[in-house]
Amino acid sequence: MDELIRFLQQYESGVYFLAGGVGLIYLWRLLTAWEEYRKAVFGIEREIARRKILSALTIMGLMVLMVFAEFVLVSFVVPSYLEKPVFQTPTLNLLETPQVSLSTPQLSTPTPSNLIMTVAPSQEGCIEGQIEWVSPRPGDELEKTVELKGTVNVPNLGFFKYEYASVNSEDWVTIAADNRPKVNALIGYWDVSQIVPGDYRLRLVVTDNQNNVFPACVIQVRVINSP
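Quick note on my numbering: the sequence shown kicks off at 305 and runs consecutively.
See the structure below:
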């Protein structure tokens, strides 16, 4: 099933081209059959022309359904469906955990907020120009609804998702997902108004179209939700 979905996603333009080409061919056949129907004198000629018209209309209808199904699949189904494989790669999470836990004592000390941005956690696991956060930045204090901006621009992009978890938890909560490249652009929004104030990790998880997972790009932020 995964292979079929990825094939339809990767060759989206090819599916549209094929459906359009077949549709044009049968549109021509429809017009020809209609002309034959109009000029038919005998009943059997009209019946043959009528069958040709119905056949052409059927194929054209199938092509319209194919285009519609492809659009719905790529635009709405793929981002949510392809989230599932990421949870089958716990090795990456285990490798990240020691790095994040080492940074926690430094954040808990009474240091100024500007120092939080210069010591861990910085953008952990990120790749400049390919997978990185632009906003928020490490150590930022967040409230209400936050604009999430960043870069997701890797070869053969399959999809990406962005998640959050508290600093002492590996229970990641998915905010949303997408399958379109981003370069210093708006990725989405994060409503933190209902989240308990505290320190959280925010990460980008990127997967290519071969189901290979890149190292997660993780930053640490603080939810304040001041009244």
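Glycine included, each C-beta is placed from N, C-alpha and C at the ideal position.
By the neighbour-count definition (other C-beta atoms within 10 Å, threshold 16), F311 is an exposed residue. The stretch 329-349 makes contact with the stretch 357-369, as at least three CB pairs between them are under 8 Å.
In this structure, the beta-carbon distance from N488 to K453 falls below 8 Å. Setting aside the 5 residues that flank it on each side, D444 is surrounded in the same chain by V525, each with a C-beta closer than 6 Å to its C-beta; the list follows chain order. The DSSP-derived three-state label of R355 is helix. Of Q427, D495, I435, the smallest CA-CA separation from P442 is found for Q427. Within the stretch 326-376, the complete alpha helix (DSSP H) segments at least 4 residues long are 347-376, listed from N- to C-terminus. Rounded to the nearest whole angstrom, the CA to CA distance from V517 to V509 is 7 Å. Contact annotation: G502 and V527 have beta-carbon atoms nearer than 8 Å. The stretch 334-345 makes no contact with the stretch 308-326, as fewer than three CB pairs between them are under 8 Å.
In this model, V378 and F346 are separated by some 49 Å (Cα to Cα). When DSSP states are grouped into helix, strand and coil, A323 belongs to the helix group.
Around the Cβ of L506, a 10 Å sphere holds 16 or more other Cβ atoms; the residue is buried. Boundaries of the beta strand (DSSP E) harbouring R526: 521-527, taken from the DSSP string. Contact between V477 and Y468 holds, since their C-beta atoms are separated by about 6 Å, short of 8 Å. For the pair C521 and E436, the CB atoms are nearer than the 8 Å cut-off. Assigned with DSSP and collapsed to three states, F380 falls in helix. Take the alpha-carbon of F464 and the one of E374: they are about 20 Å apart.
Of the residues M367, L461, Y504, the one whose Cα lies closest to the Cα of D475 is Y504.
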